[in-house]
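First up is the structure itself, then whatever we jot down about it.
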Amino acid sequence: MEQARRDLMELALKREEEKRNRIIMDAKWEDLRKKENLLKESFISFNKFIRENQEKRDRAERKMQADNEVLERKTKETEAMRQRDYLMSVVSNYPEFKQPLDVLNRYEALAAAKSTLADRQERDLEMLENARQEIASLTEEKKLFIMGLNNTLADLRWRYDKIRNRVLKWELALNRLKETAARRHVELCHVRSAIWSLYVKICKQKGLSIDVATDDFEQQLVVIMRALLELRRIYKIAQKRSKDKDIESRE
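For the sequence shown, counting from 1, position 128 maps to 128 in full-length UniProt numbering; every step adds exactly one.
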């Protein structure tokens, strides 16, 4: 019984430890799921950012194309204006031009604006390309990170299943031990009941008072052992007398 109690206590401690480990692993698992969801949301934001940048780049390219077309048209018009007659006709037809020099100044201003606009658009396109490359690199890193998280989740699941199997094994062992302890307890109750019944019977036969407590099995066994020793002594005396009578009868 003492060994059984120690085994029960040890199993109970192991079961508590397994419960604590299960709680810790469940918390880690939940944290990993939250991180995975956050990463998925970040990927959605990255994809949206890429689409917006692509749209900006397309708009910039369309604007550059339109501006190039305008500048090309203006250039052709300016080339035509180099002829004096045409310039004079322009001056006469457009009140904003007072003299042919004004037309040439407008051409130079348009050419400078074209160069400035081209440089600006080139810088913008370069920035967009750098941003696209950085996003692509970050996306690849996040993919690798998610793969690592998936591997961690798989390992946690394997460890969880392993611990759960161990818990089930110990629970089965604990149930078997409880059943064995219950049977032993029933047997012990039967033995104690038999001892008490035998003690009461001996006391009644010998006319002794029943003054031993029902749970004082040691004292009950002492009375029973004394009665058995006395019966053995009486049996030996009777056996000896029987032998003596047999010897006398033969003589």
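All C-beta atoms, glycine included, are put in the ideal place defined by N, C-alpha and C.
Since the structure is predicted, the reported quantities are computational estimates derived from the model, not experimental observations.
According to the DSSP assignment, Lys245 belongs to the alpha helix (DSSP H) that extends over 217-250. The beta carbon of Arg62 lies closer than 7 angstroms to none in the same chain, with the five residues before and after it left out. Using a Cβ distance threshold of 8 angstroms, Lys56 and Leu168 do not count as a contacting pair. A direct Cα-to-Cα measurement between Arg106 and Asp58 gives close to 29 angstroms. Of the residues assessed, Ile44 falls on the exposed side of the cut-off, its CB having fewer than 16 other CB atoms within 10 angstroms. Less than 8 angstroms separates the beta-carbon of Ile224 from that of Leu198. For Leu156, same chain residues with a beta-carbon under 8 angstroms away, outside a window of 5 residues either side, are Met25, Lys28, Trp29, Leu32 in chain order. Within 10 angstroms of the beta-carbon of Ile202 lie 16 or more other beta-carbons, which makes it buried. Put simply, the backbone Cα of Ala181 is about 32 angstroms away from that of Arg159.
Cβ contact annotation for Ile50 (same chain, cutoff 6 angstroms, sequence separation greater than five): Ile135, in chain order. Phe97 counts as buried, since no fewer than 16 other beta carbons sit within 10 angstroms of its beta carbon.
Around the Cβ of Val212, a 10 Å sphere holds 16 or more other Cβ atoms; the residue is buried. For Gln220, the CB contacts under 7 angstroms within the same chain, skipping 5 residues up- and downstream, are Ile195, Trp196, Tyr199, Val212 in chain order. The C-alpha of Glu140 is placed about 50 angstroms away from the C-alpha of Glu10. Residue state for Ile24 is assigned as helix, using DSSP reduced to three classes.
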